[in-house]
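Numbering-wise (our numbering), the sequence shown opens with residue 8 and increments by one. To start, the structure itself, in structure tokens.
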Amino acid sequence: MEQQGKDTPDLARLKTNIYYQITIHSFSMSHSHNISSRLNARNESHVEKEDVVSHPDDTPADPGFPEGGYLAWSTVVGSWSLVFATFGVANTFGVFQSHYILQKYPERDSSDIAWIGSLQLFLQFMMGGVSGPLFDKGYFYPVVIGGAAIHILSFFMISLCNEFWQTFLAQGVLAGIGMGLVFVPALGVISQYFKRKRGLASGIVVTGSSAGGVVFPIMLNKLIVKVNFERGVQYTGVLIAGALVIGVSLIRPFGGVRGHKQGGPKPNAKSFFREPGYVLACIGVFFVAWGIFFPIVFLQYFAELTGASENLTFYMVAILNGASVVGRTLPNLVADKFGALNLITIMCLLSSAMCFAFFGASRSTAGLVVVAILYGAASGAFVSLLAPSIFSMAKSQAEIGTRMGITMLFLGIAALTGNPLGAAILDSNGYGASIAWSGSMVATGAALFGFAAWFTAKSKGQWKV
8 MEQQGKDTPD LARLKTNIYY QITIHSFSMS HSHNISSRLN ARNESHVEKE
58 DVVSHPDDTP ADPGFPEGGY LAWSTVVGSW SLVFATFGVA NTFGVFQSHY
108 ILQKYPERDS SDIAWIGSLQ LFLQFMMGGV SGPLFDKGYF YPVVIGGAAI
158 HILSFFMISL CNEFWQTFLA QGVLAGIGMG LVFVPALGVI SQYFKRKRGL
208 ASGIVVTGSS AGGVVFPIML NKLIVKVNFE RGVQYTGVLI AGALVIGVSL
258 IRPFGGVRGH KQGGPKPNAK SFFREPGYVL ACIGVFFVAW GIFFPIVFLQ
308 YFAELTGASE NLTFYMVAIL NGASVVGRTL PNLVADKFGA LNLITIMCLL
358 SSAMCFAFFG ASRSTAGLVV VAILYGAASG AFVSLLAPSI FSMAKSQAEI
408 GTRMGITMLF LGIAALTGNP LGAAILDSNG YGASIAWSGS MVATGAALFG
458 FAAWFTAKSK GQWKV
């Protein structure tokens with residue numbers, strides 16, 4: 008079927024990729040609550056030499072972190088499965104957008120349809136403001152199971168929708184809420200098992216979004232051709248349900264969630280905004296997220312400018328996703344030694360540089376492939392390092408969910424508005440102006456991260472933050 012209105016089929020195929028890869032850097036974004044950093048200072052009892060007295064009111068000693076074992080690694084696998092079924096699924100929206108534009112809702116403008124995916128991502132991040140504090144209070148299972156049920160229901164409702172408003176509610180609102188409730192607790196629970204190995208555990212979990220970003224789009228595309236759209240969505244829903252059930256079954260919070268429900272101090276969110284380092288980091292998250300996703304979602308368009316073949320154009324996104332796996336694992340291992348906040352500053356600067364490199368890459372297909380690989384690795388690190396960077400500023404484990412939830416609010420607003428703004432600049436001022444805007448925003452965010460690291464290091468009296 009031919010698209011109605013001013014969009015050509017080629018442009019429709021291009022816009023298929025809008026919002027297609029946001030969440031794979033995001034962040035999973037985001038990305039990611041899974042590697043809470045060095046937050047738990049161990050409480051030690053003080054005993055006097057001459058008169059040993061027990062103090063029943065003293066804070067009990069921290070039992071420590073297992074740093075491994077069956078329960079720890081099964082929780083990592085379970086969290087990976089939940090990330091696979093949430094952020095990984097969000098990467099499938101490009102397939103939906105193409106079908107809606109060309110088949111199901113050809114009378115609607117493509118930008119109208121794109122807002123479904125934008126709202127889904129916005130709610131996915133924003134729900135962290137709800138699920139994060141609830142996780143801190145010890146409600147891991149109620150929140151995750153409730154979110155999983157909503158997420159599964161949304162996909163079966165999508166298969167039944169016949170009107171645009173129905174699809175908007177089922178996929179934009181319902182799926183966004185469900186995925187948002189699952190994602191943050193799934194990442195936060197990892198912090199209970201690992202301290203020294205948080206980087207490794209984090210990197211493993213976040214690759215679930217990359218794997219989902221490859222598996223789900225390919226699966227749904229093939230099912231639409233071999234069966235039909237409705238059945239394809241239902242089969243996809245079955246895989247989502249299976250992944251969610253496996254994830255919930257494998258995860259075991261260590262000794263209960265170590266929030267104030269178990270005796271820790273109740274987090275005071277207002278006090279966070281009196282910390283210059285934290286405020287600057289949140290603003291930095293906004294600016295980086297505002298610009299870092301634009302080259303990703305318009306990658307196919309950049310490939311078409313170089314005259315790349317249709318097959319290479321299709322797989323360009325997969326190439327970038329594969330590189331992002333490296334960016335989400337190796338930097339985390341280094342961060343354990345040099346500090347996540349320090350390293351995210353460096354990786355965001357590299358992302359900005361690679362963004363500007365798209366200027367030259369647009370002249371050749373080979374150059375574009377190289378830049379896509381480098382950009383995928385650098386921008387992938389932003390997602391995986393975000394959570395430990397924020398958590399390095401926390402004073403106790405009880406603050407984990409609340410701090411990340413607030414950060415997700417900044418990230419959600421940026422995800423909602425960044426790409427539409429970049430697209431408007433592209434339409435009105437051309438390719439070069441849009442790339443310059445994107446790279447400048449990421450560089451601004453990197454500078455803010457640098458100042459945040461300086462303030463945090465100064466307050467802690469150590470450079471490793």
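No residue lacks a Cβ here, since even glycine has one placed at the ideal position from N, Cα and C.
Between the beta-carbon of residue i and the beta-carbon of residue j, is there less than 9 Å?
| i | j | result |
| --- | --- | --- |
| Thr174 | Lys111 | yes |
| Ile397 | Met411 | yes |
| Phe132 | Leu418 | yes |
| Ile299 | Ala92 | no |
| Ile165 | Gln178 | yes |
| Ser81 | Ile197 | no |
| Thr451 | Ser399 | no |
| Ser138 | Pro224 | no |
| Gly183 | Phe142 | no |
| Gly154 | Gly135 | no |
| Ser216 | Val90 | yes |
| Leu381 | Met354 | no |
| Phe389 | Val378 | no |
| Lys204 | Gly75 | yes |
| Thr372 | Ala315 | yes |
| Val240 | Phe171 | no |
| His106 | Phe293 | no |
| Leu207 | Ala394 | no |
| Ala474 | Phe305 | What is shown of the chain runs 8 to 472, which leaves residue 474 out entirely. |
| Leu423 | Trp444 | no |
| Ser403 | Pro283 | no |
| Leu251 | Ser88 | yes |
| Leu227 | Phe103 | yes |
Run through DSSP, which three-state label would residue i get?
| i | result |
| --- | --- |
| Asn328 | helix |
| His346 | As written in the sequence, residue 346 is Gly, which differs from the His given in the question. Coil. |
| Phe223 | helix |
| Ser316 | coil |
| Asp116 | coil |
| Phe132 | helix |
| Thr352 | helix |
| Ala443 | helix |
| Gly210 | helix |
| Phe305 | coil |
| Thr336 | coil |
| Pro192 | helix |
| Lys465 | helix |
| Leu455 | helix |
| Lys229 | helix |
| Lys111 | helix |
| Pro67 | Bear in mind that the predicted position of Pro67 carries a pLDDT of just 39, short of 50, making it unreliable; the figure below should be weighed with that in mind. Correct three-state label for Pro67: coil. |
| His40 | Confidence is the limiting factor: at His40 the pLDDT is only 38, short of 50, which leaves the residue's position unreliable and the question unanswerable from this model. |
Compute the beta-carbon to beta-carbon distance between residue i and residue j, rounded to the nearest angstrom, for a pair I have assumed lies under 8 Å.
| i | j | result |
| --- | --- | --- |
| Ala459 | Ala288 | 4 Å |
| Gly291 | Phe456 | 4 Å |
| Leu375 | Ala384 | The pair is not a contact, with the Cβ atoms about 15 Å apart (cut-off 8 Å). |
| Ser391 | Val449 | About 16 Å; that fails the 8 Å criterion. |
| Ala97 | Gln127 | 7 Å |
| Leu327 | Ile351 | Not really, about 19 Å apart at Cβ, beyond 8 Å. |
| Phe190 | Phe345 | 27 Å between Cβ atoms; not a contact. |
| Ser447 | Phe301 | The pair is not a contact, with the Cβ atoms about 11 Å apart (cut-off 8 Å). |
| Gly387 | Arg335 | 5 Å |
| Ile152 | Leu181 | Actually they do not touch by this definition, with Cβ atoms about 16 Å apart. |
| Leu348 | Val472 | 5 Å |
| Ala276 | Ile413 | 7 Å |
Which two residues bound the contiguous alpha helix (DSSP H) that contains residue i?
| i | result |
| --- | --- |
| Pro474 | Not covered by the structure: residue 474. The range shown for the chain is 8 to 472. |
| Phe201 | Run containing Phe201: none; DSSP gives neither H nor E here. |
| Phe94 | Tyr77 to Ala97 |
| Ile253 | Phe236 to Leu257 |
| Gly298 | Pro283 to Ile299 |
| Ala401 | Taken as a continuous stretch (DSSP letters only), Ala401 belongs to no alpha helix (DSSP H), as it is neither H nor E. |
| Gln469 | Run containing Gln469: none; DSSP gives neither H nor E here. |
| Lys7 | With the chain covering only 8 through 472, there is no way to say anything about residue 7. |
| Gln104 | Phe100 to His106 |
Query raised in the report: Enumerated in chain order, which unbroken segments of the alpha helix (DSSP H) with a length of 4 residues or greater are wholly contained in the stretch 134–182?
Result: Runs of the alpha helix (DSSP H) inside the stretch 134–182: 135–143, 147–165 and 171–174.
Query - Ranges of the beta strand (DSSP E) found wholly within the stretch 368–397, counting only runs of at least 3 - result: Within the stretch 368–397, no complete beta strand (DSSP E) run reaches 3 residues.
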